[in-house]
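Residue numbers are given in full-length UniProt numbering: position 19 of the sequence shown equals residue 19, and the series is strictly consecutive. Here a beta-carbon is modelled for each residue, glycine too, at the ideal position from N, C-alpha and C. What follows is a single structure, written as structure tokens, with notes after it.
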Amino acid sequence: MTGEAQVVSTADRLFYAHGVQAVGMDTVRTESGVSLKRIYTLFPSKDDLILAVLQHRTKQWNTGVDGAIATAGTPRDKLLAVFDFLAEWFREDDFRGCAFINFFGELGGGSTRVAEAVREQKTSFQRRVAELVVEAGGPAFLAPQLVLLAEGAQTTAAITRDPDTAAHARAAAETLIRCAFGR
């Protein structure tokens with residue numbers, strides 16, 4: 001792993017587990033084994049490192065969602081695959097909710113760049129679900145409904161520590177899909 005990748009991976013793990021504001025650059029240095037001078041050469045500010053972590057998280061999210069979708073058979077199954085991805089993620093030992101929501105809650109009001117990066121990821125997810133709805137031949141209003149279920153499930157699962165939240169959201173999604181398609 002390169003120095004940059006090591007720093008981003010370490011910062012991601014620390015920020016996700018403890019919160020962005022609770023983790024200083026010295027901790028990232030100690031945990032990553034990369035000198036502070038090198039870290040600041042790679043990331044001139046903590047905001048730059050936070051943005052790199054969010055980019056890393058975006059890639060992880062897209063890979064996970066796309067992987068789940070790829071295993072689904074029908075276009076409707078692809079819509080539900082998002083919730084299958086969530087079900088697996090919610091069962092991970094280190095699950096702490098959506099990093100984007102967490103970072104936004106912690107920093108969104110004070111960092112325009114972080115707020116923009118989070119909004120960009122959320123908009124990208126909305127577009128992806130809208131594409132799946134179109135592929136399935138569904139009405140446009142279905143996409144934002146499914147996105148709200150997925151986003152709400154992430155927050156609820158983080159707060160309640162109940163991984164079955166994904167199954168409840170999936171069942172609600174099945175109902176919405178059935179109603180939207182008229183069957």
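Should residue i and residue j be called a contact, given that it needs their Cβ atoms to be closer than 8 angstroms?
i, j, result
"residue 250", "valine 82", "Because the chain here runs from 1 to 183, residue 250 falls outside it and cannot be looked at."
"arginine 57", "phenylalanine 95", "no"
"valine 133", "leucine 79", "yes"
"glutamine 55", "serine 32", "no"
"residue 187", "glutamine 126", "Residue 187 is absent from the model: the chain starts at 1 and stops at 183."
"threonine 27", "leucine 14", "yes"
"glutamate 106", "glycine 24", "no"
"aspartate 76", "alanine 136", "Looking at the sequence provided, one finds arginine at residue 76 rather than aspartate. Result yes, Cβ atoms of arginine 76 and alanine 136 sit closer than 8 angstroms."
"alanine 70", "valine 8", "no"
"glycine 64", "phenylalanine 85", "yes"
"phenylalanine 103", "isoleucine 50", "yes"
"valine 34", "glycine 3", "yes"
State buried or exposed for residue i, treating a residue as buried only when at least 16 other CB atoms are found within 10 Å of its CB.
i, result
"cysteine 98", "buried"
"threonine 10", "buried"
"glutamine 121", "buried"
"aspartate 162", "exposed"
"alanine 180", "buried"
"alanine 171", "exposed"
"glycine 138", "buried"
"isoleucine 159", "exposed"
"alanine 150", "buried"
"residue 185", "Limits of the chain in this structure are 1 at one end and 183 at the other, which puts residue 185 out of reach."
"alanine 140", "exposed"
"alanine 68", "buried"
"alanine 157", "buried"
Does at least one heavy atom of the ligand NAP sit under 7 angstroms from the Cβ of residue i?
i, result
"phenylalanine 85", "In the structure on display, the ligand NAP does not appear, and there are no ligands present to speak of."
message: Which complete alpha helix (DSSP H) runs does the stretch 31 to 93 hold, if anything under 4 residues is left out?
response: Taking only runs of at least 4 residues, the alpha helix (DSSP H) segments lying wholly in the stretch 31 to 93 are 36 to 42, 46 to 71 and 75 to 90.
message: Tell me whether the stretch 87 to 97 and the stretch 157 to 166 touch, counting them as touching only if at least three CB pairs, one residue from each stretch, are closer than 8 angstroms.
response: The answer is yes - the stretch 157 to 166 touches the stretch 87 to 97, with three or more Cβ pairs under 8 angstroms.
message: If contact is defined by three or more beta carbon pairs under 8 angstroms, each pair taking one atom from either stretch, is the stretch 28 to 46 in contact with the stretch 106 to 115?
response: Touching, no, given that fewer than three Cβ pairs across the two stretches are closer than 8 angstroms.
- prompt: Whole alpha helix (DSSP H) runs in the stretch 99 to 138 with 4 or more residues, listed along the chain?
  reply: Listed in chain order, the complete alpha helix (DSSP H) runs (minimum 4 residues) inside the stretch 99 to 138 are 99 to 107 and 112 to 136.
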